[in-house]
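Numbering (the UniProt record's numbering), first residue to last: 1 to 157.
For each residue, glycine too, the CB sits at the ideal point set by N, CA and C.
Just so you know, these numbers come straight off a predicted model, no measurement behind them.
Below is one structure, written out as structure tokens; the observations come after it.
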Amino acid sequence: MAEQEAIYFRDVFPVRRYIRRHYTKIRGILWANCNHCQKQIRMQPSFFLLSHLVQEHLNELTEEEKKYELIHWVWDHFKKKDTQNATCNICGSELKYDTRLDSLYRHLKNTHGILPPYIDDMDNVSRDANTNTTIRKDQIHSATSSKYMEQTGVLDK
């Protein structure tokens, strides 16, 4: 049982929410099913997921989503300021980062308790998922987006 739980908690879907919504993660392996054509797409490297969407389902993406940048899940919580700095959407802290994004991940984990998106946090879970498992909506992302929009005046009328 403990071994099953360890595997379960390592089942990460490490891309941005706008990409995850187009896929159903296949539990236990690094593949996902496209929700539009049911094709299985390898998740590593993660740009394969966006590449498939751009090549096969371009009409399903916004103009911003079509760009091949900032596809790592941490960018759901940060705004890129320049090539070395980003601003946290939750607390407004400015952080330096490199290509591995370790400092952004550590900030989310240590300051806000946010970990990588596991498939139990996703709206789309594979058919072989345990039906007794409660699937939690990505409330953190919604709160982050709302707070950022409020701070930037997007919600003001």
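Contact check, residue i vs residue j under 8 Å by CB: the rounded distance?
i      : j      : result
Phe-78 : Cys-88 : 6 Å
Asn-33 : Ile-26 : 6 Å
Ile-41 : Phe-48 : 6 Å
Would you report the Cα separation of residue i and residue j, rounded to the nearest angstrom?
i       : j       : result
Glu-65  : Gly-113 : 27 Å
Arg-20  : Ala-86  : 22 Å
Leu-50  : Ser-103 : 24 Å
Leu-30  : Lys-67  : 23 Å
Leu-53  : Tyr-105 : 26 Å
Leu-61  : Pro-116 : 23 Å
Thr-111 : Gln-55  : 38 Å
Asp-76  : Val-15  : 9 Å
Gly-28  : Pro-45  : 17 Å
Following the continuous beta strand (DSSP E) through residue i, name the residue where it begins and the one where it ends.
i       : result
Glu-94  : 94–96
Lys-25  : 23–25
Lys-80  : 78–80
Thr-111 : Taken as a continuous stretch (DSSP letters only), Thr-111 belongs to no beta strand (DSSP E), being part of the alpha helix (DSSP H) at 102–112.
Gln-40  : 40–42
Find the nearest neighbour of residue i within the set the options, judged by alpha-carbon distance.
i       : options                           : result
Leu-70  : Arg-27, Arg-21 and Leu-101        : Leu-101
His-57  : Leu-115, Pro-117 and His-22       : His-22
Asp-82  : Lys-39, Val-74, Trp-73 and Leu-95 : Leu-95
Gln-38  : Arg-16, Phe-48, Trp-75 and Thr-24 : Thr-24
Lys-109 : Tyr-97, Val-74, Asp-98 and Thr-99 : Val-74
Glu-63  : Pro-14, Phe-13, Tyr-18 and Phe-48 : Tyr-18
What are the boundary residues of the alpha helix (DSSP H) that residue i is part of?
i      : result
Arg-17 : 17–20
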